[in-house]
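Engineer: In UniProt numbering, the protein residues as written are 1 to 213. Once you've had a glance at the structure underneath, I'll fire off some questions.
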């Protein structure tokens with residue numbers, strides 16, 4: 001029995017085929033999978049899905065967030081799920097301040113338990129506009145400015161260099177760093193440099209390993 005009709009948008013053919021096969025075991029029929037968002041939007045009226053599963057990083061061109069907004073414009077009641085390695089989508093797209101209402105966000109690290117995706121698909125189908133507490137906490141715990149400072153720290157820039165880059169005072173950057181440390185829950189440690197902690201925190205949020213790890 002088909003419980004949900006879905007489409008998958010991902011530029012990786014292995015991911016598309018894996019999701020299609022895996023979801024089928026749980027009554028979720030992938031009507032069609034697409035390599036690009038534009039092709040999915042063009043076929044939206046013909047496929048008429050209940051839910052769209054969209055990779056955040058689709059390569060050059062519009063991001064998964066952009067595609068989700070476009071999909072919702074064309075089909076207002078469509079359930080939306082963003083699939084990504086990023087713990088916070090703004091790490092990938094700093095210009096993005098919001099997701100479409102009710103858009104779910106799943107880290108690929110959570111897919112070791114495939115039921116996480118299945119349950120999210122069912123939830124997105126039943127309540128496409130229900131706001132996720134998980135997304136709200138991830139999207140609001142750090143400001144866009146703090147994320148940018150964190151990124152520059154991970155790139156190895158000094159406080160003074162970050163201040164020049166941002167066009168602010170070194171004191172302002174120091175204040176941002178202190179707030180980031182508080183949000184991340186870092187405690188002072190004699191054995192671990194705080195900038196190293198911050199860099200590791202950034203790589204955790206980006207879903208990537210630090211250089212040399």
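We treat Cβ as the ideally placed atom computed from N, Cα and C, and that holds for glycine. Since we're looking at a predicted model, the values are computed, not measured.
According to DSSP, simplified to helix, strand and coil, what is residue 52?
Structural biologist: Indexing the chain shown from 1 puts residue 52 at position 52. Correct three-state label for residue 52: strand.
Engineer: What are the partner residues of residue 81, as DSSP defines its beta bridges?
Structural biologist: Counting from 1 along the chain shown, the entry for residue 81 is found at position 81. According to DSSP, residue 81 bridges with 53, 104.
Engineer: Just reading off the alpha helix (DSSP H) that residue 87 is part of, what are its end residues?
Structural biologist: Taking the chain shown and counting its residues from 1, the one referred to as residue 87 is at position 87. No alpha helix (DSSP H) holds residue 87; DSSP gives it neither H nor E.
Engineer: Determine whether the beta carbon atoms of residue 78 and residue 54 lie at a separation below 8 Å.
Structural biologist: For the purposes of this step, residue 78 is identified with residue 78 of the chain shown, where counting begins at 1. For the purposes of this step, residue 54 is identified with residue 54 of the chain shown, where counting begins at 1. Cβ atoms of residue 78 and residue 54: not closer than 8 Å.
Engineer: Excluding the 5 residues preceding and the 5 following residue 108 in the sequence, name in chain order all residues of the same chain whose CB lies nearer than 6 Å to its CB.
Structural biologist: Locating residue 108 in the chain shown gives position 108, counting from the first residue. So the list reads 85, once near-sequence residues are dropped.
Engineer: Identify whether residue 129 lies in helix, strand or coil by the three-state DSSP scheme.
Structural biologist: As a working note, residue 129 is residue 129 in the chain shown. The answer is coil: DSSP assigns residue 129 none of H, G, I, E or B.
Engineer: Is the region 146-153 touching the region 195-202, taking contact as three or more C-beta pairs under 8 Å?
Structural biologist: Short answer: they touch.
Engineer: For residue 8, which residues of its own chain have a beta-carbon under 6 Å away from its beta-carbon, when the five flanking residues on both sides are left out?
Structural biologist: To locate residue 8, count along the chain shown from 1; it is residue 8. If we look at residue 8 and ignore the five residues flanking it on each side, its Cβ neighbours are 16, 19, 30, 33, 53.
Engineer: Tell me whether residue 76 is buried or exposed, calling it buried when 16 or more other Cβ atoms sit within 10 Å of its Cβ.
Structural biologist: One-based indexing of the chain shown puts residue 76 at position 76. Exposed, because fewer than 16 other Cβ atoms sit within 10 Å of the Cβ of residue 76.
Engineer: Quick check on this structure: which residue in 208, 211, 167, 41 has the alpha carbon closest to the alpha carbon of residue 51?
Structural biologist: Translated into the one-based positions of the chain shown, residue 51 becomes position 51. If we check each option's Cα against that of residue 51, 41 comes out closest.
Engineer: Could you spell out where the alpha helix (DSSP H) holding residue 179 opens and where it closes?
Structural biologist: Looking up residue 179 in the chain shown gives position 179. Counting along the chain, the alpha helix (DSSP H) containing residue 179 begins and ends at 170-184.
Engineer: Between which residues of its own chain and residue 183 is the CB-CB distance below 7 Å, once the five residues before and five after are set aside?
Structural biologist: Within the chain shown, residue 183 is the residue found at index 183, counting from 1. Here the set comprises 141, 142.
Engineer: What are the partner residues of residue 34, as DSSP defines its beta bridges?
Structural biologist: Translated into positions along the chain shown, residue 34 becomes position 34. In DSSP, residue 34 forms a bridge with 9.
Engineer: For residue 11 versus residue 58, is the C-beta spacing smaller than 8 Å?
Structural biologist: The residue you call residue 11 lines up with position 11 of the chain shown. The residue you call residue 58 lines up with position 58 of the chain shown. Yes. Within cutoff.
Engineer: Report yes or no: is there a C-beta of chain D within less than 8 Å of the C-beta of residue 108?
Structural biologist: Of the chains in the structure shown, none is chain D; there is only one protein chain.
Engineer: Near residue 163, what residues of its chain come up, given a Cβ to Cβ distance below 8 Å and the 5 sequence neighbours on each side ignored?
Structural biologist: To locate residue 163, count along the chain shown from 1; it is residue 163. Answer for residue 163: 169, 170, 172, 173, listed in chain order.
Engineer: Reducing DSSP to helix, strand and coil, say where residue 151 ends up.
Structural biologist: Within the chain shown, residue 151 is the residue found at index 151, counting from 1. Looking at residue 151 - three-state DSSP - the assignment turns out to be helix.
Engineer: How long is the line joining the alpha carbons of residue 62 and residue 105, rounded to whole angstroms?
Structural biologist: Position 62 of the chain shown, counted from the first residue, corresponds to residue 62. Position 105 of the chain shown, counted from the first residue, corresponds to residue 105. The alpha-carbon atoms of residue 62 and residue 105 are separated by roughly 17 Å.
Engineer: Under the three-state reduction of DSSP, which class applies to residue 28: helix, strand or coil?
Structural biologist: Against the chain shown, residue 28 aligns to sequence position 28. Residue 28: strand per DSSP, three-state reduction.
Engineer: Have a look at residue 3 and residue 37 and give me their C-alpha separation to the nearest angstrom.
Structural biologist: Locating residue 3 in the chain shown gives position 3, counting from the first residue. Locating residue 37 in the chain shown gives position 37, counting from the first residue. Going by the C-alpha atoms only, they are around 24 Å apart.
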